[in-house]
Each structure stands twice: as C-alpha cells, then as structure tokens.
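Going from the sequence shown to my numbering is simple: count from 1 and add 552.
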Amino acid sequence: MGQLCDEHPLLTLVSGLITGCLIGINLQIQAPMWSLWGLLVLLIVAVGVRTKAVFAVVLWFFCVTWAVFAVEPFHASRSVAQTLGVAPLDGMQVVEGTVVRRPVTLPQGQRFELHLERIVMAGGEIAVDGRLLVTIAKGEGSWLSGDRIRLRGSLRKPRRLGLPGEFDYPRYLRLHRIDATFWVADARQVLLMRAAAVSSWQRLLDGAAYRCDQLIRNAVPDPDTAAVVMALVTGSQSALSPELKAAYARAGVSHILSISGFHVAVIAATLAQLLQWVGLRWQWLALRFNVRQVALLATLPAMIGYLVFTGAAPATTRSVIMLAAVLLALWAERESQVLDALLLAAFLLLVYDPVVLFDISFQLSFLSLWGIVVLTPLLVYPFKDRLSGWRRQLALFFAASLAAILATAVPTLVTFHQASFTGLLANLVVVPLLGYGAVIIGAGAAMSAVVAPSLASALFGLAGWLVAISNRFVVWVADLPLVRSYEAGWPDLVALVLVLSVLSFVSSVRWRGILLGSVCALIMAVHIWPEKTSDGHLRLTFLSVGQAEATLLQFPDRTTMLIDGGGYLRETGLDFGDRYLVPALHTLGVKRIDRLILTHPHPDHLGGLPAVAEQFQIAEFWQGTWKVEVGGDADRLQSTLLRRGVPIRQLNPGIWRESFGGCQLVMMVPELDDAATGRDNDDDNEASLVLQVTHDQFTALFMADAGIASEQRMLEQKVVQPVTLLKVGHHGSRTATGEAFVRTVRPHLALISVGAGNRFGLPAPETLARLQRAGVEIYRTDQHGTVLVESDGKNYTVTTGL
C-alpha cells in the first residue's frame, strides 16, 4: 500500500472524496463538525508515524468525512421552501431576477438559469434568494447573462412521478443548485428591466458569440449545416433539428457536437504546433528558451478564452481543467504520469464541486480519458512491432476510439439505455472532417470575425462544406443497429471502475488476473441470477405516468398484460414510451407482453405504446372498433405491429369472457350507437374498453375513461358486481364514478391515475366525496406515485412508489 501511495500520491485523496460523496448523497448521512476536526488532529499526529500506511488510512477517512460534510446542503431532505423562504411555491407568479449564463435556444423557445431576487405580488414584493431553471415555450429574447428581467409564468417545485426506473429529475436539479422550475408560455411575457445589471467579461463574450452565430447563418445557407457549424464554433446547439441530433447520437459521434476537452485540445495542439514552428525558426528565441515548453504554456490562455467564449458550460469547464492538468504535466516533462494528471484534475474538481461526481458529463469525460490512457496500450500491444508509419497511426486512432467507447459504454447504457459501437466507424470520417477540420477553421474564422468579416464568412463557408459531408455520412451510419440494454446498473458501473483501477494500479500480472477474474465472475453472477418463480399472486401495477394512464397486470402464471401506455396530452416532439414507459417496464422485470390492450385512442393512453411495440415481444394486441385518426402514434403503432407480425384482435361490441393467466376476464365493449366514432372527446371516452379481472375472491374493475353514460349502460345490463378494487374512470372526473355505480360495485380500494397540479383540476371534489362517503380507501398516482396491489386471491397488499 505504501508503494502505491508513493507512485500515485493523489489516489488516496480522490478515492476518499468519491467514497464520501457517494455516502453523503445516497445515504444522506450527516457528518458532525467535531468528527472532521478530530480526524484533522489525527492526521497531524499521523505525519510523525513512520508507517506510511497509517497516514494514508487516516487521510482517506479525513477525505471521506470532508466530502460527506461538503455534500450535506444537497440532501433531498432540504426542501425548496427552505431555500426560497416564505415564497409561494406553486402556480402563476411574477418573478424578477438576473440571467446567470447565456440562454440556450430550443426548437421553439428558450431555456436559461435565473438568479431569483424577488417575487412580485399584488400586495408588494417578497425578497427571495434562489435559482430557477426557466423554460420559455415559444419565442426568444435577446437578453444575455447579467440582464435583470421580470417574468410571468408558472413556478413549480421539482417532483418525481414515482415511476420505476424514472430519471430522478429533482435530484438532478438539486445537484445543479437549481431550486425550482419556471415555465413561461411566451417570450412576450418577459420584460427586460435593466441590461447589464451585473457586468462581466462573460456578457461581452456572449454578445460576440451571438454576432458570430448571425455571421454563420449568413455564410452557410443550409439550416442543418449552419446549426452544426454554430455548435462547433460557439457551443450553441439551439438550431440543431431533433432528427439530425438523433442521427449523430445513433452514429455514436454526438460528442463532437458538444464543446468538450477534445475541441479545446485540438485548438490548443494546433496553436502549440504553430507557435513551436515559428519559435524554432526564430534563432534568438530558440537559443534562449525551451520553445516546446513555451509553446505549451502559451496555449493555456487560449484554452481559457475559448472556454469562456463558448459559454463556459460546466461540462466544458471540467474537461478544460482536466486538459490543463495534462498540459502542465507535459510542460513539466512528466509525460509518463498522465494518469496522475487525471487524478489531479479529478481532485481539484471534487474539492471545488463535490456533487460533480454525479454529473453524467463528468463521468463520461473522465472515464473516456481514463480508458484511452489505460486501454489503448493494451489494444495496440499485439500489433506494436508489426506496424509502422501511417499504419501504426491508424491503429493507434482505432485503439483510442475503441478504448473510449469501451470505457463509456457502461455509464451510457446505465443512463441512456443505449450505446453505439458504430462510432468506431463514424469517428474515422467525422473526427477528421469536424474535429480537425471544421473546428480549426471555425475557430480561425471566429477570431477574424471582428477585424475581417469577409474572411470570416469565407472560412465559415469552408467549414460548412466539411460539415455537409459529415452530415450525409452520419445520416447513413445512423441506420446501423444500436446496442440497447436496460439490464445495466450501478453494479456494472462499479465493475468498470474496478477493472480500470486494477489495470492502472496493480502491476503484478498474477494479481491482475486474480482480481479481474473475480470482478468478471461477480458481475456475471449478478446478471445470470435466476428469476423468481411464480408464487400464484396477481400483481396490478398502476404506473404513475402523469396526466395519463398505464397499468401492468402480472398474472399468477407469470403472463403479462399492459392496459394503455400513457402519453403526452399535447405534441412535444418527445417519445413518452421511450422516455418513461419502456424503462419502467424493464425495471419491473418485464421481458414479454402477452396481451397489449388499448382502451381508446386518446394520446394520454396511446402515446407510449409504439415504443413498447418496438422494443418488447408482443403476443397479441387488442383494441375496440372505434375510428382512429390517420397519422401520428396510431399509425406508428399499427405499422409496428404489422411489421413484427403481432396478431391484432379487434373486439366487436358486446361482452367477452375468458380465462387468462389463471384469472377470469370480462371485457365490456360498448355498442357503436352509444359510443364514439372519433367525432368528440367525450364520445371517445364512452367508447373505452372496460375490463374486469377476477382472481378467486379478488376482483378489479378497470374503467379507462368511461363515464356515467357507460356506467349506466353496464348497470342496466347487470354486468357489474361488487369488486375489491376500482380503477376510477376518466382520471376522477366529475362525469364518471356516479353515485349509483359506486353503490353497486362497493369497492374497498379506488385507484385514480392523475397528474400532479393538472390544469383540469382532477380528481374532481365531487368524485372524491362520493368515494369517501362510501368508505372507499383512495390511492392517487399524483400523491402516491406508482401503486402496486398484490393479491393471493383472498388477501391483498398495497405498496406505493413515493
């Protein structure tokens, strides 16, 4: 251990900080101040101990404790109210504050961080201190960082849906020091109170970047090409179309669109080579100075200037610090200690901002550099004596690309559930065209934009020509298959770090083999652990999908049924199923869906089903006889089912009874004369398929969006009976769950699928009152998250997600 500490003195510090951050955030342990001072005293005492291992252990515990103490302000237990004081936390508000950094343009609007200073109310103003993430849905303004603005919109405290496998957005905001979100419908609801209320160099550079973007738009006529040039030169990805952005992601080269350490390194390397070439030809300078060292040192101001010019995004800042550490190591002629330079960069970043550890951009940038340093020599080892010249350089390029892909595949799968190995092919074309071509040319154009606009326009046009070639190639490569997995989790991430650590810090070949074999065996055991056998229980999982509806049924014989798939009420350009529903189903261990049922074709029931049909094996699909509008998710679902050969069963009006999964099913399909034909939303609701599931003495009735008209018809036909559980119709609307219906079904439990703070005011007070008078126990997805009801046929249990 002492030898390891001597060889890598920063390893103890970095490992201790990482451990403390993980403990502090995930376990929310609070470190008392006396423990930190006590360990500091022990650390001072340990300096005099001859055994280095003792000092290393005490130092490690000191770093752990300091990190736990440092991340305490980011605990989930700290509410928004504690940060914003007495400010009202929900609903329409008028707020005032200063723009923190350069706004990001969205396809139809804008997003930026606002330092909140006051909330304006009818009776006066409330002084507050917090940070908001502001989203403008439509339009954009010309404000820059430091401008004081007043906005009217909806203030929201971040909350989770309570969905299995859900991305923890509130924690993400909390770790980025954002206290709440603020939604503005239109940019015209934003008033500039004072320009440059807070002056800074960043504001001047923001203005220069804005003018540079305008110059690029004029010089490059094609919008997609101009958008990529702007992303490479000024860091603005605002104009990128969703289709082009997705194509770069599928091709595995989306990293080239984000200003990162790679871009800065390319510009710094080009500048260093240029300065070295000039210096070696200046005899006076070459005789008096080490030209190589001077050239390397001179690139630091250029790196910092480029960083600030492109917006100084946190991810870019972290990459630049890492590269600066590596650059200083090269300047000090310590090329063999690049790994220690990475440890130094990680140490500085973690001390400055401990929660940076949980940022995916930090993980990817650090792991990719670590992988290149450690894995590249291993990958080229079999060929190092067989290749020379350009073949050797090509092999090194391939090895470095593969090393970065391997090192980042696990965190990419854990976070995004997909990874692209086509980047190995795409990098061969895209990196030279954009990374070494368009970036260098664009940077030169940006520097000449002020003094020689004509030259800048010509250079931007040349960069656009290279980008156009890249775009065509990327669109072609994007059609190649992706690697998708929802099985990867934190054990795989830990295994990756252990593998890289063994390769980095264990020199003994024997111990390397033992440790690597042990890690591989353990991770294989995690993934091949046998699944639970059937226990004869019926499980009903009411997924918390906001103002929408989706229910998973897992039957006693382990067959599965999915009723509806949630979705967005309005067109957002996002895939609800891919973003929420598919991860939730995978987290619940679903491998196959035996029956997929669409109760009626409203977007909040249909929207997530196309992604489910694309990514799961479906045995059979059921739907009613209502008419569906042509286009959109409905067409995508139907075409997917037909392409994959899934049997589609269209249920005619009537009552269908059958056994399935060890339970009895009753499906009630309304008559067309009484139901919808696609003309009106209320009619569509009354066309909803109604399902009843009975498992011995336990009965559940799923009403979808059926209202009082459907309930009355069911009462007249005498097809309903007392039930254990009622999935309340139409999200608890006042037009459903009538008094007579409740008296007849007499449920013990009622489940309402509804979104928090929805604009419809659901569930309706009248509906809640009717259920409460009947003594029904009510569960709501907006308050309880995902609700699991499990029954053995006699008794039942209820588990909530929040």
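Glycine residues also receive a C-beta, built at the ideal position from the N, C-alpha and C atoms.
Nearest-angstrom Cβ-Cβ length linking residue 612 and residue 588, presumed shorter than 8 angstroms: For the purposes of this step, residue 612 is taken as the residue at position 60 of the sequence shown. For the purposes of this step, residue 588 is taken as the residue at position 36 of the sequence shown. With a Cβ gap of about 14 angstroms, residue 612 and residue 588 do not count as contacting.
Spatial distance of residue 1027 from residue 571 (CA atoms): Indexing the sequence shown from 1 puts residue 1027 at position 475. Indexing the sequence shown from 1 puts residue 571 at position 19. Residue 1027 and residue 571: Cα-Cα distance of roughly 42 angstroms.
Residue 951 vs residue 974 beta-carbon contact at 9 angstroms: For the purposes of this step, residue 951 is taken as residue 399 along the sequence shown, with counting starting at 1. For the purposes of this step, residue 974 is taken as residue 422 along the sequence shown, with counting starting at 1. In this structure, residue 974 does not lie closer than 9 angstroms to residue 951 by Cβ.
Three-state secondary structure assigned by DSSP to residue 678: Looking up residue 678 in the sequence shown gives position 126. If DSSP states are grouped into helix, strand and coil, residue 678 belongs with the strands.
Ordered list of alpha helix (DSSP H) runs contained in the segment 581 to 626, each at least 4 residues: 585 to 598 and 604 to 622
DSSP three-state assignment for residue 1227, whether helix, strand or coil: As a first step, residue 1227 must be located in the sequence shown, where it is residue number 675. With a pLDDT of 42 at residue 1227, under the threshold of 50, the modelled position of that residue is not reliable, and no figure is offered here.
Assigned exposure category for residue 1196 - 16 Cβ within 10 Å defines buried: If you number the sequence shown from 1, residue 1196 lands on position 644. The residue in question, residue 1196, is exposed, as its Cβ has fewer than 16 Cβ neighbours within 10 Å.
With 16 other Cβ atoms within 10 Å as the buried cut-off, status of residue 1279: Here residue 1279 refers to the residue found at position 727 when the sequence shown is read from its first residue. The residue is buried, with at least 16 neighbouring Cβ atoms inside 10 Å.
Range covered by the beta strand (DSSP E) that runs through residue 777: Stepping through the sequence shown from its first residue, residue 777 is reached at position 225. Residue 777 -> not in any beta strand (DSSP E); alpha helix (DSSP H) instead, spanning 775 to 785.
Endpoints, the beta strand (DSSP E) within which residue 734 is located: Within the sequence shown, the letter at position 182 stands for residue 734. Per DSSP, residue 734 belongs to the beta strand (DSSP E) from 732 to 736.
Same chain only: Cβ atoms within 7 angstroms of residue 759, ignoring 5 sequence neighbours per side: Sequence index remark: in the sequence shown, residue 759 carries index 207 (1-based). Answer for residue 759: 696, listed in chain order.
Closest Cα partner of residue 1245 within the set 1214, 1301, 1177 and 1097: Working through the sequence shown from its first residue, we reach residue 1245 at position 693. Checked all of 1214, 1301, 1177 and 1097; the closest Cα to residue 1245 is 1214.
Cα-Cα separation, residue 1301 to residue 1331: What you label residue 1301 is simply residue 749 of the sequence shown in a count that begins at 1. What you label residue 1331 is simply residue 779 of the sequence shown in a count that begins at 1. If you take the alpha carbons of residue 1301 and residue 1331, they lie about 8 angstroms apart.
Residue environment, residue 1327, which counts as buried when at least 16 other CB atoms sit within 10 Å: Reading the sequence shown from its first residue, position 775 is the one you call residue 1327. It counts as exposed.
Boundaries (first-last residue) of the alpha helix (DSSP H) holding residue 964: Residue numbering aside, residue 964 sits at position 412 when the sequence shown is read from its first letter. Its alpha helix (DSSP H) spans residues 941 to 968.
Reference residue 1269, options 1296, 1257 and 1251, closest by Cα: As a working mapping, residue 1269 is identified with position 717 in the sequence shown. The candidate whose alpha carbon is nearest that of residue 1269 is 1296.
Check whether residue 1200 and residue 1149 have beta carbons under 9 angstroms apart: Within the sequence shown, the letter at position 648 stands for residue 1200. Within the sequence shown, the letter at position 597 stands for residue 1149. No; because the gap between Cβ atoms is not below 9 angstroms, this pair is not in contact.
9 angstroms Cβ cutoff met for residue 1151 and residue 1254: To locate residue 1151, count along the sequence shown from 1; it is residue 599. To locate residue 1254, count along the sequence shown from 1; it is residue 702. It is a contact, given that the beta carbons lie within the stated cut-off.
Cα-Cα separation between residue 1238 and residue 1211, rounded to whole angstroms: For the purposes of this step, residue 1238 is taken as the residue at position 686 of the sequence shown. For the purposes of this step, residue 1211 is taken as the residue at position 659 of the sequence shown. The alpha-carbon atoms of residue 1238 and residue 1211 are separated by roughly 26 angstroms.
Euclidean distance between Cα positions of residue 1040 and residue 1032: Start at 1 with the first residue of the sequence shown, and residue 1040 comes out as number 488. Start at 1 with the first residue of the sequence shown, and residue 1032 comes out as number 480. Approximately 22 angstroms, taken between the alpha carbons.
Contained beta strand (DSSP E) runs [length at least 3] in the segment 1029 to 1105, N- to C-terminal order: 1090 to 1094
Distance, residue 562 Cα to residue 786 Cα: By one-based count along the sequence shown, residue 786 stands at place 234. By one-based count along the sequence shown, residue 562 stands at place 10. Cα-Cα distance, rounded: 35 angstroms.
Proximity of residue 708 and residue 734 at Cβ, strictly below 9 angstroms: Walking along the sequence shown from the start, residue 708 turns up at place 156. Walking along the sequence shown from the start, residue 734 turns up at place 182. Taking 9 angstroms as the Cβ cut-off, residue 708 and residue 734 qualify as a contacting pair.
Burial state of residue 743, where buried means 16 or more other Cβ atoms lie within 10 Å: Here residue 743 refers to the residue found at position 191 when the sequence shown is read from its first residue. Exposed: under 16 other Cβ atoms inside 10 Å.
Distance between residue 1209 and residue 1096 (C-alpha atoms, nearest Å): Working through the sequence shown from its first residue, we reach residue 1096 at position 544. Working through the sequence shown from its first residue, we reach residue 1209 at position 657. Their Cα atoms are separated by approximately 29 angstroms.
Anticipated Cβ contact below 8 angstroms, residue 725 with residue 685, distance rounded: Locating residue 725 in the sequence shown gives position 173, where the first residue counts as 1. Locating residue 685 in the sequence shown gives position 133, where the first residue counts as 1. 7 angstroms between Cβ atoms; contact.
Buried versus exposed call for residue 1228 [16 or more other C-beta atoms within 10 Å across all chains shown]: Here the question's residue 1228 lines up with position 676 in the sequence shown. Low per-residue confidence applies at residue 1228: pLDDT is 41, beneath 50, and the placement is therefore not dependable enough to give any value.
Residue from 1048, 1273 and 773 whose Cα sits closest to the Cα of residue 962: Numbered from 1 along the sequence shown, position 410 holds the residue referred to as residue 962. Nearest of 1048, 1273 and 773 to residue 962, Cα basis: 1048.
Residue burial classification, residue 953 (beta-carbon count within 10 angstroms, cutoff 16): As a working mapping, residue 953 is identified with position 401 in the sequence shown. Answer is buried; the Cβ neighbour count reaches 16.
Residue 1117 to residue 982 span [Cα, whole Å]: Looking up residue 1117 in the sequence shown gives position 565. Looking up residue 982 in the sequence shown gives position 430. Near 38 angstroms, if we compare the C-alpha coordinates of residue 982 and residue 1117.
The alpha helix (DSSP H) enclosing residue 992, as first and last residue numbers: Locating residue 992 in the sequence shown gives position 440, counting from the first residue. Element bounds for residue 992: 991 to 1000.
For residue 991 and residue 808, the rounded distance between their alpha carbons: The count along the sequence shown starts at 1 and reaches residue 808 at position 256. The count along the sequence shown starts at 1 and reaches residue 991 at position 439. Cα-Cα distance, rounded: 10 angstroms.
Member of 717, 994 and 1314 whose CA lies at the smallest distance from the CA of residue 1009: Residue 1009 sits at position 457 when you count from the first residue of the sequence shown. Selected option, being the one with the closest Cα: 994.
Range covered by the beta strand (DSSP E) that runs through residue 671: In the sequence shown, counting from the first residue as 1, residue 671 sits at position 119. Start and end: 662 to 673.
Of the residues 987, 1013 and 1283, the one placed nearest residue 1309, counting alpha carbons only: Stepping through the sequence shown from its first residue, residue 1309 is reached at position 757. Out of 987, 1013 and 1283, 1283 has the C-alpha closest to the C-alpha of residue 1309.
Buried or exposed by the 16-neighbour rule on C-beta atoms within 10 Å, applied to residue 1062: Looking up residue 1062 in the sequence shown gives position 510. Exposed, since its Cβ has fewer than 16 Cβ neighbours within 10 Å.
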